[in-house]
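Residue numbers (numbering that gives the first Met the number 0), protein chains in the order written: chain A, 0 to 325; chain B, 0 to 257. All C-beta atoms, glycine included, are put in the ideal place defined by N, C-alpha and C.
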Amino acid sequence: MAQDLKKPEGGPAMRRSAFRRSRGDTPFRFVSTGAGIVLLAIMAAIAVFLIAKAVPALQANKANFLTYFDWTPNATVPMFGIAVLAFGTVVSSFIALVIATPIAIGVALFISHYAPRRLASTLGYVVDLLAAVPSVVYGLWGFTFLVPLMVPPSKFLNTYFGWIPLFGGDSVVGRSMLTASLVLAIMILPIIAAISREVFLQAPKTLEEAAYALGATRWEMIRMAVLPFGRPGVISAAMLGLGRAMGETIAVALIFPITFNISFQILSPNGNSIAANIANGFGEANAIGRGALIASGLVLFLITLLVNSMARLIIARRKEYARAAA
Amino acid sequence: MAKQIEVAELDAYYGSHKAIEGITMTVEPRSVTAFIGPSGCGKSTFLRTLNRMHEVIPGATVQGKVRLEDQDLYGPDVDPVSVRRTIGMVFQRPNPFPTMSIFDNVAAGLRLNGRFSKSELNGVVEESLKGANLWNEVKDRLHKPGSGLSGGQQQRLCIARAIAVRPQVLLMDEPCSALDPISTLAIEDLISKLKTEYTIVIVTHNMQQAARVSDRTAFFNLAAQGQPGKLIEMAETSKIFTNPTEKATEDYITGRFG
Ligand SMILES: Nc1ncnc2c1ncn2[C@@H]1O[C@H](COP(=O)(O)OP(=O)(O)OP(=O)(O)O)[C@@H](O)[C@H]1O
Ligand SMILES: [Mg+2]
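Here it is in structure tokens:
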């Protein structure tokens, strides 16, 4: 091949095109490679910086970082542990996910398969808009509006369903794990709904018609053709929502009562999360306190990384499935 | 089981676009009726009005009458879902449900109709797969995904799925156009076998196929692009292919078209 290209007949033209290509290519390759290297270098620098800040704090820690319940890194004897914060992060996000996902699927299905076209596009637009609202807005709304509003239903749940451990406890407040989870749920609902709608709209028309032709009602058609097709997409949308809920700072920082005990009583004044703890504590932290907060941030990073790689795994499986169906 | 279809003065629209106009015909029971005609003349559209699949498309509407024996399919109190259970359909591209096994694909329609015991389901699935000449090829892998079959097998799986619910009529829209000659032959054999039990309507672009499998043939045409398609002539297949009444039919089947 290489010999062929050097044949004299093709000479001038070949050389010209090769010349032109290299003139366009070299700077571009240079710029893109450079950008990639710079990006990696910046990320590495950030990681090194964070770890360098976190390690001294972890070394100064007189308690077990993984199991200790309290967070007093600024004291003369610094003691802090991630347990309560990680618990609060995971539980509040998980409850939010359980609340948000079914509603989001319902909204997405309504937009993709039930609503008349006009209404569907309006609603789709509204959902996209909601997905773009900054989280601080949800946080402020939750704090000023939802917290007082949640008191009566929480009391009701506690009185009549208190025998379920989740709703048990002696004191019931508005600033609870449930309220925080609810705000998180409202916050992640639009993004889950928006992605699910996209996925449902892509359900193959041929499969929908196959279901209809068998005498399926619309709901039966959705169960036979749309949901099985959309399931992996919905799962990865939910994972994305979960990641968002976990990393959320302001909304939960405003609502969580900031306590340091682990409790499944989601109506009582308990709750904290990694992100909320960072937002609340960074201002008055000393050097070790900051290092401790950075260490907790790295843990949060690990948890979200885990969630995201799970989502990627599922998306990859979906691709395989799509190939099998084609 | 098999029933006659009578169509009178049928128009079908996509939004404000009239795709077919004034179609009147009778489809005989226990026989194969072929629809032929140039692309875009409305064969698929007309076929889909026969089991109320046309209206699944947003904005699509129908005017006129379709009767299945003594029942008006477009009557005010007729549920399109039940019409589709009585009149089955096979599509141009094989479309088994990719997440379902072969067994579940065939059982899908039955499961919509209500509760069946396991042995009942087994019986119907076996019978339908045998009816679709597919049983011997898949009996050892009933619980493998249907998407793992060849195109021709998938199409026969779709036919098995359609006949599993015991329809009275089977509509097929170019069922062989995505298949190789051997699979096509297998499906044509199957059609000849099925017509003893079902009323069959098949759309095809393949003149030889229409001549081979059908008892009666309907020729559709459209005056010009953008005009609605019309039924030009319908008669015994032998007559259409040897001695058609209309000049347009003769031109089309002899390939002197357009
Ligand atoms: N979903 C749709 N929306 C709008 N117009 C449509 C739609 N499907 C078909 N049409 C129009 O209706 C007319 C008839 O189409 P139809 O598919 O019934 O033709 P056909 O005879 O089946 O053609 P072919 O032989 O290519 O399958 C065409 O003008 C086509 O553009
Ligand atoms: Mg067609």
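If you measure between the beta carbons of residue 259 of chain A and residue 83 of chain A, is that distance less than 8 Å? yes
Tell me whether residue 250 of chain B sits in a helix, a strand or coil according to DSSP, three-state version. helix
Flag this pair as yes or no: are the beta carbons of residue 296 of chain A and residue 179 of chain A separated by less than 8 Å? no
Whole angstroms is fine: what's the gap from residue 62 of chain B's alpha carbon to residue 9 of chain B's? 6 Å
Ends of the beta strand (DSSP E) at residue 220 of chain B? 215-221
Is the beta carbon of residue 107 of chain A less than 8 Å from the beta carbon of residue 196 of chain A? yes
Does the beta-carbon of residue 32 of chain B have 16 or more other beta-carbons within 10 angstroms, so that it is buried, or is it exposed? buried
Could you tell me how far apart the beta carbons of residue 326 of chain A and residue 60 of chain A are, in whole angstroms, since I believe they sit closer than 8 Å? What is shown of chain A runs 0 to 325, which leaves residue 326 of chain A out entirely.
Consider the Cβ of residue 120 of chain B: report whether some Cβ of chain A lies at a distance smaller than 8 Å. no
Return the CA-CA distance between residue 179 of chain B and residue 203 of chain B, expressed in angstroms with no decimal places. 15 Å
If we call anything under 8 Å between Cβ atoms a contact, is residue 188 of chain A one with residue 244 of chain A? no
Let me have the residue list for ligand 1: C-beta closer than 5 Å to any non-hydrogen atom, ordered along the chain. B:13, B:18, B:38, B:39, B:40, B:41, B:42, B:43, B:44, B:56
Residue-level contact to chain B via CB, residue 315 of chain A, 8 Å cutoff: no
On the criterion of 16 or more Cβ atoms from any shown chain inside 10 Å, does residue 65 of chain B qualify as buried, or is it exposed? buried
Within this structure, are the beta carbons of residue 209 of chain B and residue 35 of chain B separated by less than 8 Å? yes
Starting from residue 13 of chain B and walking both ways along the beta strand (DSSP E), at which residues does that stretch end? 4-13
In three-state DSSP terms, what is residue 70 of chain B? strand
For a contact meaning CB atoms closer than 7 Å, what does residue 211 of chain A contact in chain B? 52, 55, 83
At the 8 Å Cβ level, is residue 122 of chain A part of the contact set with chain B, yes or no? no
DSSP three-state assignment for residue 31 of chain B, whether helix, strand or coil: strand
Return no unless some Cβ of chain B is closer than 8 Å to the Cβ of residue 35 of chain A. no
Should residue 232 of chain A be flagged as near chain B, meaning a C-beta pair shorter than 8 Å? no
Residue 207 of chain A: CB within 7 Å of a non-hydrogen atom of ligand 2: no
Residue 167 of chain B bridges to which residues according to DSSP? In the DSSP output, where bridge partners are listed per residue, residue 167 of chain B has none listed.
Please compile the residues from chain B whose C-beta is within a distance smaller than 9 Å of the C-beta of residue 227 of chain A. 96, 97, 98, 99
I'd like the span of the alpha helix (DSSP H) that includes residue 150 of chain A, first residue to last. 150-160
Could you spell out the range, first to last residue, of the beta strand (DSSP E) harbouring residue 87 of chain B? 86-89
Tell me the start and end of each unbroken beta strand (DSSP E) in the segment 259-293 of chain A that is at least 3 residues and wholly inside, in chain order. none
Local conformation of residue 201 of chain A per DSSP, three classes: coil
Please state whether the Cβ-Cβ distance between residue 55 of chain B and residue 208 of chain A is less than 8 Å. yes
Compute every distance between the C-beta of residue 127 of chain A and the non-hydrogen atoms of ligand 2, then say whether any falls below 7 Å. no
Who are the Cβ neighbours of residue 52 of chain A in its own chain at under 7 Å, not counting the five residues just before and after it? 289, 290, 293
Using 8 Å as the Cβ pair cut-off and three pairs as the minimum, do the segment 187-206 of chain B and the segment 151-170 of chain B touch? yes
Find the residues of chain A that neighbour residue 164 of chain B, judging by a C-beta separation of less than 8 Å, and give them in chain order. 213, 214
For residue 208 of chain A, decide whether its Cβ has a neighbour in chain B, counting only Cβ atoms nearer than 8 Å. yes
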